[in-house]
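Chemist:
Chains as they are written, first to last, in the working numbering: chain A, 100 to 522; chain B, 100 to 522.
1) Taking any Cβ of chain B, which residues in the stretch 476-504 of chain A have a Cβ under 8 Å from it, in chain order?
2) Which value, in whole angstroms, describes the spacing of the CA atoms of residue 518(B) and residue 351(B)?
3) Considering residue 190(B), what are the terminal residues of the beta strand (DSSP E) in which it resides?
4) Is residue 521(B) close to chain A, meaning its C-beta is less than 9 Å from at least one C-beta of that chain?
5) Report the CB separation of residue 486(A) from residue 382(B) in whole angstroms; it is logged as a contact under 8 Å.
6) If you check the beta carbons only, do residue 156(B) and residue 183(B) fall under 9 Å apart?
7) Near residue 108(B), what residues of its chain come up, given a Cβ to Cβ distance below 8 Å and the 5 sequence neighbours on each side ignored?
8) Where residue 189(B) and residue 212(B) are concerned, what is the direct C-alpha to C-alpha distance, given to the nearest angstrom?
9) Between residue 159(A) and residue 281(A), is the Cβ-Cβ spacing less than 9 Å?
10) In angstroms with no decimal places, state the Cα-to-Cα distance between residue 503(B) and residue 261(B).
11) Which residue from 207(A), 201(A) and 240(A) puts its Cα closest to that of residue 234(A)?
12) Residues in the stretch 400-425 of chain B with C-beta within 7 Å of chain A's C-beta atoms, listed in sequence order?
13) Residues in its own chain within less than 7 Å of residue 420(B) by CB, not counting five upstream and five downstream?
14) Put residue 521(B) into one of helix, strand or coil per three-state DSSP.
15) Quick one: grab the DSSP three-state call for residue 225(B).
16) Whose CA, out of 288(B), 284(B) and 332(B), lies closest to the CA of residue 301(B)?
17) Mind checking if residue 325(B) is an interface residue toward chain E, Cβ cutoff 9 Å exclusive?
18) Quick one: does residue 252(A) have its CB under 9 Å from some CB of chain B?
19) Strictly below 8 Å CB to CB, what residues from chain A border residue 206(B)?
20) What are the boundary residues of the beta strand (DSSP E) that includes residue 476(A)?
21) Does the Cβ of residue 124(A) have 16 or more other Cβ atoms within 10 Å, making it buried, or fewer, making it exposed?
22) Consult DSSP for residue 241(B) and reduce its assignment to one of helix, strand or coil.
23) What residue range does the alpha helix (DSSP H) around residue 123(A) cover?
24) For residue 203(A), count the other beta carbons within 10 Å of its own beta carbon; 16 or more makes it buried, fewer makes it exposed. Which is it?
25) Who does residue 220(A) pair with in a DSSP beta bridge?
26) Output the boundary residues of the beta strand (DSSP E) element that contains residue 164(B).
27) Hey, does residue 295(B) have any beta-carbon neighbour from chain A nearer than 9 Å?
28) Count the other CB atoms within 10 Å of the CB of residue 180(A); is the residue buried (16 or more) or exposed (fewer)?
29) Is the Cβ-Cβ distance between residue 247(B) and residue 357(B) less than 9 Å?
30) In its own chain, which residues sit with a C-beta less than 7 Å from the C-beta of residue 462(A), not counting the 5 before and 5 after it?
31) Could you compute how far the alpha carbon of residue 253(A) sits from the alpha carbon of residue 367(B)?
32) What's the gap between the Cα of residue 329(A) and the Cα of residue 434(B)?
33) Say whether chain A places a C-beta atom closer than 9 Å to the C-beta of residue 344(B).
34) Run the CB neighbour count on residue 324(B), radius 10 Å, all protein chains shown included, and call it buried at 16 or more, exposed below.
35) Looking at the secondary structure, which residues open and close the beta strand (DSSP E) in which residue 277(A) lies?
36) Nearest to residue 308(B) by alpha carbon, out of 299(B), 314(B) and 318(B)?
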């Protein structure tokens, strides 16, 4: 069974809005084992939309269209789909009543064009919309099923969850299950080289790598007759990947982020953390604090952007700055020492570097020093990042999370991962 | 001239990532007057990609593909495009040197598959990538131009701005000029109501509003035979918008961000700034520090996440926390007072609130207090934001920038905007 997604709307074609509906539906379709090979976007134009529907009908078993079901003149998805299926539009009594009720509750009088929304292609099924006036529509042709959904995510998502997924699941002949092995501390090409043999010989499960800033994700996907069988196929592959990458693997749970895994590690070891940031200017702390429940481990942090604030707040010595510069391993080390003195946090992280756009202290753009201290033991790394100011800063934050994670793992023999999915 | 966008990547088809590249490029293409009638997404599959390229080549003058230029086995956009154009791949010396240099700077040895990225279709032009290893590629066929771009937005966006837009502009037969009036401090529906008459009667220039987090952008676009003529059409409309929105307009320069305009305002008035952040956890400082040259105005900031750190570092009184809670106007005010005592910054900003996911102190998720103090005068605002934890925090940061801007403008009669484009 193959599905295809067509999103209708000139506002997507003009880039006024990002097509989150496509990503949402694609993820859900993959989750129930339906293969989606094409997504497309067309504007509110009958000729091009008709062509797109006809092409999709021929190559896919199910075509899902979203958008263009509104009451206005330029909403013509329903009319065009009816044309593609050679059906006329007829009034759907349930939908008409729903619209009547929708406006009655709001205390507003519907306009003439609202009734247009109760028309559906003859023989099609209307799908109730509890969050708007346009019903969804399912047209069952002999060779293809066409599903029309409203464009606003607040209407599309609940309709998809409540009505469309159960409908689609009845057609899925196989179960597809994915698991992601998330890795930090090594680059994508190294990761690929370490699993080249596995990628070359992959069939089912399949293996694919995705590069993120400071991370690589390896997704393992298996297809089987049911979910239990698919999970069984994934298990040995994930185990093999975990053995090959060891401590580089920070989670095998799709939902766990790097910052979440680091916070989990701090929680598991009863550790608190503090940070002093220069070029990243608060991004490191902000990323940790995006984790709900971080208040157990994170209390205070500092943005020491000026040299003076590094000296005054953290006690970085003037002699060190004069000799090595403020972008130096030595300065990063002194920042951590200062953090140890002014806070009682167990783990201290300092970041100092040049995020650009200009060289500073004759230090290249992208040169960043990151230090992590755990109860007296300080580790400093030097890194060279590419990209614009923001990319360099994001890379520095990811590297700092990785370094901190390594330092904690090294310090504590009792290694506790955040892999909640492993049970 | 019609352009078509094809985004390549199984991760988009599976819904793992949202297709922001398509929206970005579509907006830029509309901005230079090129019509885009189709966007599509195909996976890393040669057969279906080849079909998509062949269909696009036939119906569009320019086809832009993004993604699939990486060093790995499943990256096959370049190979497939070469096949569609019946060209073989040859080594591009400049690209090879760029890759050599990229790794030399990093002090890392490239792997064999990195060199694959220096291959381009015979007769094609390589486009330098300053943020990664995959060059962009332009293949000029007689009936169609095919442009290949890297998938990561951090590589695609700068390449698009620096090289692709100037290349595409040379094909446009009319001049389209846009200017954006950027507004902060009022919502989209209020903005729309204030210019309803202008929107209803628009022809050339056109007027469109875009809601951003904490901001509204009004884009004015004129079409004419040349750029000078188009600029002349835009001028009175922008002037009218500036008159209607007054101080709410923070810039009319597309390139100036809200944080840049605030930093410019600080620089113009010789002011320094500091911040103490709770729920935003460093995001406010991080956003200011994304502005190059901010070191003149920003020296030190604090992330006071725990109650204890608000008391210890900023001197927020226990009695105030006990009586009003730490999420309160009073606590925000005391945070600013504390900042005034421990720093010598002219402007102090404090943010405290509940970013969720759970209610805290019986305060609703999304309730945030923001205080701004300028030389003794403290202004506190209460805000209610919607969305997830991250959206609430981003909204709070934008609101804090707006508040700080207003406070400075109120305090100093000598109003100096960051509108460098106005001369």
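Even for Gly, the Cβ is constructed at its ideal location relative to N, Cα and C.
Modeler: So, from the data block:
1) 483, 485, 486, 487, 488, 489, 490 and 492
2) The predicted position of residue 518(B) is uncertain, since its pLDDT is 43 and thus under 50; a value taken from the coordinates is nonetheless stated next. Their Cα atoms are separated by approximately 6 Å.
3) 188-190
4) The pLDDT assigned to residue 521(B) is 37, lower than 50, so where the model puts this residue is not dependable, and the model offers no usable value.
5) Not quite, the Cβ-Cβ distance comes to about 20 Å (not below 8 Å), so this is no contact.
6) yes
7) 116, 140, 142, 143, 166, 167 and 250
8) 15 Å
9) In this structure, residue 281(A) does not lie closer than 9 Å to residue 159(A) by Cβ.
10) Between the C-alpha atoms of residue 503(B) and residue 261(B) there is a straight-line separation of about 33 Å.
11) Nearest of 207(A), 201(A) and 240(A) to residue 234(A), Cα basis: 201(A).
12) 400, 401, 402, 403, 404, 405, 407, 408 and 412
13) 406 and 430
14) Confidence in residue 521(B) is poor, its pLDDT being 37 and thus under 50, which makes the residue's placement unreliable; the coordinate value appears in the next sentence. Three-state DSSP puts residue 521(B) in a helix.
15) strand
16) 332(B)
17) Annotation note: the requested chain E is absent from the structure, which comprises protein chains A and B.
18) no
19) Near residue 206(B) (Cβ distances below 8 Å), the residues of chain A are 483.
20) Segment 476-483, the beta strand (DSSP E) holding residue 476(A).
21) Looking at its Cβ environment, which holds 16 or more other Cβ atoms inside 10 Å, residue 124(A) is buried.
22) It is coil, neither helix nor strand.
23) 119-130
24) exposed
25) 188(A)
26) 161-165
27) No - not a single Cβ of chain A is within 9 Å of the one on residue 295(B).
28) That one is buried.
29) no
30) 424, 426 and 453
31) 44 Å
32) Counting only the Cα atoms, residue 434(B) lies some 54 Å from residue 329(A).
33) no
34) exposed
35) Counting along the chain, the unbroken beta strand (DSSP E) around residue 277(A) starts and ends at 274-283.
36) Closest in alpha carbon position to residue 308(B), among 299(B), 314(B) and 318(B), is 318(B).
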